């Protein structure tokens, strides 16, 4: 889950947050955490530069989530992308998908 907060000058007002949620992404949580630790707390534009230049496979799904959260902010709340900050990013482990490999019987060999 990626939450993006609009940067406000007055810290006493309620914060406006939008989020995007990515589920069922086939990737190690450790590999994704390596990326999100770099983008947590950064601005939207700086996050895009970091994700586009990092050579890891996990960057593309995270980049899509950041784009989605920014589109939600622009469309639903009318925020400007220049004032967005990545406030919260989380990666959770899911269930392991077990695959079954069928082998031929001994009589067929």
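In my numbering, the protein residues as written are 2 to 110.
We put the beta carbon where it would ideally sit given N, CA and C, even for glycine.
None of these values were measured; they are calculated from a predicted model.
Please go through the same chain and pick out, in chain order, the residues whose beta-carbon is closer than 7 Å to the beta-carbon of residue i, but skip the five residues on each side of it.
| i | result |
| --- | --- |
| residue 75 | 82 |
| residue 90 | 3, 37, 40 and 41 |
| residue 26 | 62 |
Which same chain residues end up closer than 6 Å to residue i when comparing Cβ atoms and leaving out the 5 residues on each side of it in sequence?
| i | result |
| --- | --- |
| residue 64 | 52 |
| residue 43 | 87 |
Quick one: grab the DSSP three-state call for residue i.
| i | result |
| --- | --- |
| residue 20 | strand |
| residue 44 | strand |
| residue 29 | coil |
| residue 85 | strand |
| residue 11 | Its pLDDT being 49, under 50, residue 11 is placed unreliably in this model, and the value from its coordinates should be taken loosely. In this structure, residue 11 counts as coil in the three-state DSSP scheme. |
Just curious, the beta strand (DSSP E) that residue i is in, first and last residue?
| i | result |
| --- | --- |
| residue 69 | That residue, residue 69, is in no beta strand (DSSP E); its alpha helix (DSSP H) goes 60-73. |
Would a C-beta distance cut-off of 8 Å place residue i and residue j closer than the cut-off?
| i | j | result |
| --- | --- | --- |
| residue 23 | residue 66 | yes |
| residue 92 | residue 21 | no |
| residue 32 | residue 57 | yes |
Beta-carbon within less than 8 Å of residue i's beta-carbon, same chain only, minus the 5 sequence neighbours each way: which residues are those?
| i | result |
| --- | --- |
| residue 46 | 82 and 83 |
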